[in-house]
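So the structure is just underneath, and the comments pick up after that.
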Amino acid sequence: DAGITQSPRHKVTETGTPVTLRCHQTENHRYMYWYRQDPGHGLRLIHYSYGVKDTDKGEVSDGYSVSRSKTEDFLLTLESATSSQTSVYFCAISPGDLSSYEQYFGPGTRLTVT
Amino acid sequence: GEDVEQSLFLSVREGDSSVINCTYTDSSSTYLYWYKQEPGAGLQLLTYIFSNMDMKQDQRLTVLLNKKDKHLSLRIADTQTGDSAIYFCAESRGTNAGKSTFGDGTTLTVKP
């Protein structure tokens with residue numbers, strides 16, 4: 020398995036509180052991504068990074084921010100959590116070279132906003 | 007925008023072949039992927055096909071692409087109970103797999 024960990028794995032928080040999810044990789048891959056997965060739906064891209072301090076928005080970026088200060092860490096922050104952000108969040112990585120079609124996913128973080 | 011559609015459920019008997027279908031709308035799709043997700047886990051890339059290919063075989067997996075109809079299928083031969091999972095189809099327009107559009111997933115149930 021690719022060396023991707025996510026923390027925390029489960030979190031319950033209240034509406035209006037800030038939340039930060041962490042993705043850590045040991046593969047030294049260039050690209051990192053945050054997705055959310057909602058029941059009965061595929062994955063939707065929130066934000067992604069193509070290098071340290073280089074990030075861009077995905078399909079559903081409103082209400083989320085990200086930071087990448089080191090190659091190995093990609094943080095997703097919900098500045099003021101809302102119930103609509105209750106979801107399972109997946110981090111993914113890919114090499115960023117000719118084999119960029121290979122994408123590896125972390126185990127996920129289940130976030131509940133009450 | 008881009009759209010990827012799959013049927014939601016498929017049930018087969020152990021030993022039979024499974025065929026999971028997917029349609030997509032973006033004619034500029036370059037790469038098409040199949041992922042497997044087991045309960046409580048992330049997605050695992052099973053296989054992929056470039057848009058200039060018609061077929062790709064990898065052990066028990068066969069991917070067929072009909073670019074004219076924008077139809078992709080995944081055939082699993084000799085389906086086993088361990089194949090029970092959710093299968094996601096996805097497409098991307100470039101080599102950056104992370105900017106893919108995913109379908110909603112097909113839940114495959116394999117009965118003994």
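Protein chains in written order, with the numbering used here: chain A, 20 to 133; chain B, 7 to 118.
C-beta atoms are modelled at their ideal positions from N, C-alpha and C, and glycine is treated no differently.
At a cut-off of 8 Å, the C-beta of B:L49 has a neighbouring C-beta in chain A.
Under the 8 Å Cβ criterion, the segment 25-43 of chain A counts as touching the segment 86-105 of chain A, having at least three qualifying pairs. By the neighbour-count criterion, in which a residue is buried when 16 or more other Cβ atoms sit within 10 angstroms of its Cβ, B:K74 is exposed. Between A:L64 and B:K42 a beta carbon distance of about 19 Å is seen, past the 8 Å cut, so the two are scored as non-contacting.
The Cβ neighbour count for B:T115, taken over all protein chains shown within 10 Å, is under 16; the residue is labelled exposed.
Along the length of the segment 57-113 of chain B, whole beta strand (DSSP E) runs at least 3 residues long occupy 61-64, 67-72, 77-82 and 91-98, reported in chain order. The C-alpha of A:S103 lies about 28 Å from the C-alpha of A:S88. Taken through DSSP and simplified to helix, strand or coil, A:Q104 comes out as helix.
In chain order, E33 place their CB closer than 6 Å to the CB of A:T133, counting only its own chain and leaving out the 5 sequence neighbours on each side.
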